[in-house]
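J.:
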Amino acid sequence: MAAASVCLTESDAHQTLTLLPPKDTALRGRVQIPGDKSISHRALMLGALAEGETKIQGLLLGEDPRSTAACFTAMGATISPLNSDTVYVQGVGLGNLLEPVDVLNAGNSGTTMRLMLGILASHRDRFFTVTGDASLRSRPMARVITPLEKMGAEIWSRHGELAPLAIRGKALRPIHYRSPVASAQVKSCVLLAGLLTEGMTTVTEPALSRDHSERMLRAFGAEIVVDPETTSASVKGPARLRGQTVIVPGDISSAAFWLVAGAIVPGSDLVVENVGVNPTRTGVLDALKQMEADLTLLNEREVAGEPVADIRVRHSTLKACTIGGDLIPRLIDEVPVLAVAALFAQGTTVIRDAAELRVKESDRLAVMATQLTQMGATVTEQPDGLEIQGRASLVGAEVDSYTDHRIAMSLAIAALNARGTTHIHRAEAAAISYPDFIPTLQNLLEMTS
Ligand code: S3P
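Now the structure itself:
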């Protein structure tokens, strides 16, 4: 058996991940994953807005939560150094954020920018400017500007919807917003704006998106009403938030890379530990089960208001399936790696109703189609999805993450089942949500080769 080769090279401030998987490798053992990105953002934000101290255990130390921490530090919250996954936040109390003296930079993070806009718009008599990196400055913000303006917010933007943005905080009025997209970022933005707004602020979405904001707002003391029948959530303002202890479970979106790796690499048997299995996030498990992946949930438990389990995955023969409809918001970030799983299934997998992927950190439909095609796959791009021919025979190639973390990691998983060497350019993007992805991959391959 040849030794695995995983190496990183740097040039022009970017890193290339070179991956030559050993022949007949099987991935075996236990994998630990980083904290959930969505929950990490919310814990930092609510901690900053609450009265008193919030203790966060298991915080994701990735670049996106670091952007959130930097923004709220600039507005007066004290956040202990982000060099350990237990972090303390001294909040300022709702309504008491300071006007920052400089531009707030959300980096690559859509969650930071969209959720924070709801908070800023409702902080009256303060002026804020917000920007992000090149990817974030090209992503649509009208989806949050529209409901905030209905609440009376004052926001200026490029072309009516792009960052940099300027906001003058005001006393807002409550609304019932019927969102055209199932988006937790939109829902959370409006609910956060509702915290300081007198009365009931309600969001109805076309399908249920992740509900971490509702769960955590309630734990911090806000009055939250959810109606699963109408997929609506309401907050009563003005609210008071009190500091809490938050235990962040592992991110199922990060676990998904190992679940797919274990399912497609022959002979594999992996246990991914401490995975958050909130039902609004487990679409990836449903899709893999539809594909007849061999998954077992072990040691199911509830940790600080969120369901958690260890997940065992063993290699099996996968079958093609159709992924669409209400399942999409429950696996929105896992579509790229599910496309990789589909390459090794019998039949043609169809992913549809997923046009939202075009406005993520990259156009994930276009990028996955072109990059997997480079590796010898047959993937057809549709306006709202992908058609992926299974039983692919992949070959190593030069591919690019387009600076999108989930693309970088999905291509690395595809490379595990490719013949020859794959070079993934701009692989440093993985650190946005999974700083230890490459060392973990290296360990798994070394342990098993
Ligand atoms: C997130 C919501 C999703 C997801 C993103 C994180 C959140 O975005 O893609 O990675 O933390 O609320 P949308 O709400 O735009 O679908």
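In case it helps, my numbering puts the sequence shown at residues 657 to 1105.
All C-beta atoms in this analysis are idealised placements derived from N, C-alpha and C, irrespective of residue type, glycine included.
(1) Report, in whole angstroms, the separation of the C-beta atoms of Gly1106 and Asp692, which I expect to be a contact under 8 Å.
(2) Does DSSP classify Ser924 as helix, strand or coil?
(3) Is Thr767 near the ligand S3P, going by C-beta to nearest heavy atom under 7 Å?
(4) List the endpoints of the continuous alpha helix (DSSP H) containing Asp942.
(5) Considering only the beta carbon of each residue, do Ser869 and Ser844 sit closer than 8 Å?
(6) On a Cα-Cα basis, can you pick out the residue from Gly855, Asp867, Asp883, Gln900 that is closest to Phe876?
(7) Quick check: does the Cβ of Gln841 come within less than 7 Å of any heavy atom belonging to the ligand S3P?
(8) Assign Ser1049 to one of three DSSP states: helix, strand, or coil.
(9) Pull the bridge partners of Arg970 from the DSSP assignment, please.
(10) By DSSP, does Ser667 sit in helix, in strand, or in coil?
(11) Is it the case that the segment 682-692 contacts the segment 1086-1093, given that we only count it when at least three CB pairs across the two stretches are under 8 Å?
(12) In whole angstroms, what separates the C-alpha of Thr802 from that of Gln1098?
(13) Measure the C-alpha to C-alpha separation of Val1035 and Leu1042 and round it to an integer number of angstroms.
(14) Which same chain residues, not among the five before or five after Ala704, have their C-beta less than 7 Å away from its C-beta?
(15) For the ligand S3P, is there a heavy atom less than 7 Å away from the beta-carbon of Glu962?
(16) Could you tell me which residues DSSP puts in a beta bridge with Asp1056?
(17) Assess, as a yes-or-no matter, whether the segment 1000-1015 is touched by the segment 1053-1061 under the definition of 3 or more beta carbon pairs within less than 8 Å.
(18) Report whether the distance from the Cβ of Glu1012 to the nearest heavy atom of the ligand S3P is below 7 Å.
(19) If you pair each beta-carbon of the segment 766-779 with each one of the segment 834-854, do three or more pairs fall below 8 Å?
(20) May I have the straight-line CA-CA distance separating Leu1028 from Leu673, to the nearest angstrom?
(21) Which residues share a DSSP beta bridge with Gln688?
(22) Rank Thr665, Ser661, Pro677 by C-alpha distance to the C-alpha of Pro922 and give the top, closest one.
(23) For the ligand S3P, any of its heavy atoms closer than 7 Å to the Cβ of Arg871?
(24) If you draw a straight line from the C-alpha of Ile920 to the C-alpha of His1081, how long is it?
(25) Is the shortest distance between the beta-carbon of Ile1069 and the beta-carbons of chain D less than 8 Å?
(26) Which residues share a DSSP beta bridge with Trp1108?
(27) Rounded to the nearest angstrom, how far is the Cβ of Glu1037 from that of Ala1025, given a contact under 8 Å?
(28) First and last residue of the beta strand (DSSP E) that includes Arg834?
(29) From what residue to what residue does the beta strand (DSSP E) around Ile903 run?
(30) How would you call Thr952, buried or exposed, if buried means at least 16 neighbouring beta carbons within 10 angstroms?
(31) Mind checking which residues open and close the beta strand (DSSP E) that includes Thr710?
(32) Determine contact between the segment 989-1003 and the segment 963-972, defined as no fewer than three beta-carbon pairs at a distance below 8 Å.
(33) Can you have a look at Pro721 and say buried or exposed, based on whether 16 or more other CB atoms are within 10 angstroms of its CB?
(34) Since I believe Gly850 is in contact with Val891 (beta carbons under 8 Å), could you give me their beta-carbon distance rounded to a whole number of angstroms?
(35) Classify Asp867 as buried or exposed, calling it buried when 16 or more other Cβ atoms lie within 10 Å of its own Cβ.
(36) DSSP three-state call for Leu1013: helix, strand or coil?
T.: So, from the listed chains and residues:
(1) The structure shown does not extend to residue 1106, since the chain spans only 657 to 1105, so no value can be given for it.
(2) coil
(3) yes
(4) 939-946
(5) yes
(6) Residue Gln900 is the option with its Cα nearest to Phe876.
(7) In this structure, Gln841 has its beta carbon less than 7 Å from a heavy atom of the ligand S3P.
(8) Ser1049 falls in the coil class under three-state DSSP.
(9) Asp925, Asp950
(10) strand
(11) A contact exists between the segment 1086-1093 and the segment 682-692.
(12) 45 Å
(13) 7 Å
(14) Phe728, Ala733, Val745, Gly747, Val748
(15) Not one heavy atom of the ligand S3P is found less than 7 Å from the C-beta of Glu962.
(16) His1081
(17) no
(18) yes
(19) Judged by Cβ distances under 8 Å, the segment 766-779 makes contact with the segment 834-854, as three or more pairs qualify.
(20) Cα to Cα, the separation comes out at about 16 Å.
(21) Glu929
(22) If we check each option's Cα against that of Pro922, Pro677 comes out closest.
(23) no
(24) 23 Å
(25) Among the chains of the structure shown, chain D does not appear; only one protein chain is present.
(26) Any answer about residue 1108 is impossible in this case: the structure gives the chain only from 657 up to 1105.
(27) So it is a contact: roughly 4 Å between Cβ atoms.
(28) Where Arg834 is concerned, the enclosing beta strand (DSSP E) stretches over 832-834.
(29) 901-903
(30) exposed
(31) 709-713
(32) no
(33) buried
(34) Contact between Val891 and Gly850 is confirmed by a C-beta separation of about 4 Å, below the 8 Å threshold.
(35) Label assigned to Asp867: buried.
(36) helix
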